[in-house]
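One structure is given below, encoded as structure tokens.
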Amino acid sequence: MLLITLQYIPLRFDVAFLHIKTDEIQHTYYQVAFFTHVYTSMFVLISGALQFIPGLRKQFPKFHRSVGYVYILVLLLFSGPSGIIMGIKANGGIYSQISFTLLGILWMIFTAKALIAIKNGNWELHQKFMLRSYALTLSAISLRLIKQFLANTYSLPPMDMYKIVAWAGWVLNLVIVEIYIFYHFRLKKS
9 MLLITLQYIP LRFDVAFLHI KTDEIQHTYY QVAFFTHVYT SMFVLISGAL QFIPGLRKQF
69 PKFHRSVGYV YILVLLLFSG PSGIIMGIKA NGGIYSQISF TLLGILWMIF TAKALIAIKN
129 GNWELHQKFM LRSYALTLSA ISLRLIKQFL ANTYSLPPMD MYKIVAWAGW VLNLVIVEIY
189 IFYHFRLKKS
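Everything in the sequence shown is counted per our numbering, starting at 9 for the first residue and increasing by one.
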């Protein structure tokens, strides 16, 4: 992901993904949304990953809280809203647009619910919603892995493949995390 992000530093309009967004990139709102999403999502990926290191959580709870606030604030203020704007203009037509827009909305809802839960002292609910939120964060990686698998395995037209990965990239993550939540928290209670 870092290599993908580095392609756009300094601001560049002539690389990678933007080659197929020639109409959208002419609009300032899309430029702002795209570069905001690309640059801030790296912070979300990294700060989210740090939250899953048990030793950091237990030995350095203030660090865990601080990094958690970075994750939540960057996601809710920058990465999520810019992702929704990009989703509205997604490649692949209405199916992909619905998928990516819904992804952005759910990403923000799960993250906001995690924040509300911890503010209310409900640590278990906070954990569940943060797991869901980070599962959606990881869709950036899942989408690319699934796309690579499909490209290497099947001869699909590019836009058909994009419609598949638009949904599979995050729905699969959410199914996996829901199964994990169901069994993990159920076993904890027994």
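For every residue, glycine included, the Cβ atom is placed at its ideal position computed from N, Cα and C.
Nearest-angstrom Cα separation, counted from residue j out to residue i
{"i": "Ser74", "j": "Ser163", "result": "46 Å"}
{"i": "Leu180", "j": "Leu151", "result": "10 Å"}
{"i": "Lys171", "j": "Ile106", "result": "10 Å"}
{"i": "His35", "j": "Val185", "result": "37 Å"}
{"i": "Ile124", "j": "Asn160", "result": "43 Å"}
{"i": "Ser60", "j": "Leu133", "result": "The residue you asked about is not Ser; residue 60 is Phe in the sequence shown. Approximately 16 Å, taken between the alpha carbons."}
{"i": "Asp168", "j": "Ile126", "result": "41 Å"}
{"i": "Ala57", "j": "Gln67", "result": "16 Å"}
{"i": "Gln135", "j": "Phe190", "result": "12 Å"}
{"i": "Arg203", "j": "Phe51", "result": "Absent from the model: residue 203. The displayed extent of the chain is 9 to 198, so no value can be given."}
{"i": "Phe157", "j": "Ser104", "result": "19 Å"}
Spatial neighbours of residue i in its chain, beta-carbon cut-off 8 Å, leaving aside the 5 residues before and after
{"i": "Thr109", "result": "Ile92, Gly95, Ile96, Ala98"}
{"i": "Ser147", "result": "Leu111, Gly177, Trp178, Asn181"}
{"i": "Gly101", "result": "Met167, Lys171"}
Boundaries (first-last residue) of the alpha helix (DSSP H) holding residue i
{"i": "Phe43", "result": "36-58"}
{"i": "Ile93", "result": "88-96"}
{"i": "Pro69", "result": "69-82"}
{"i": "Glu186", "result": "166-197"}
Nonlocal neighbours in the same chain, by C-beta distance under 6 Å from residue i, ignoring five residues either side
{"i": "Met138", "result": "Ala122"}
{"i": "Val173", "result": "Leu151, Ile154, Lys155"}
Close Cβ partners of residue i (< 7 Å) along its chain, the five nearest in sequence each way excluded
{"i": "Leu114", "result": "Leu144"}
Would you list, in sequence order, the uninterrupted alpha helix (DSSP H) runs of no fewer than 4 residues that lie entirely inside the stretch 116-158? If only complete runs of 4 or more residues are kept, the stretch 116-158 shows the alpha helix (DSSP H) at 131-145, in order along the chain.
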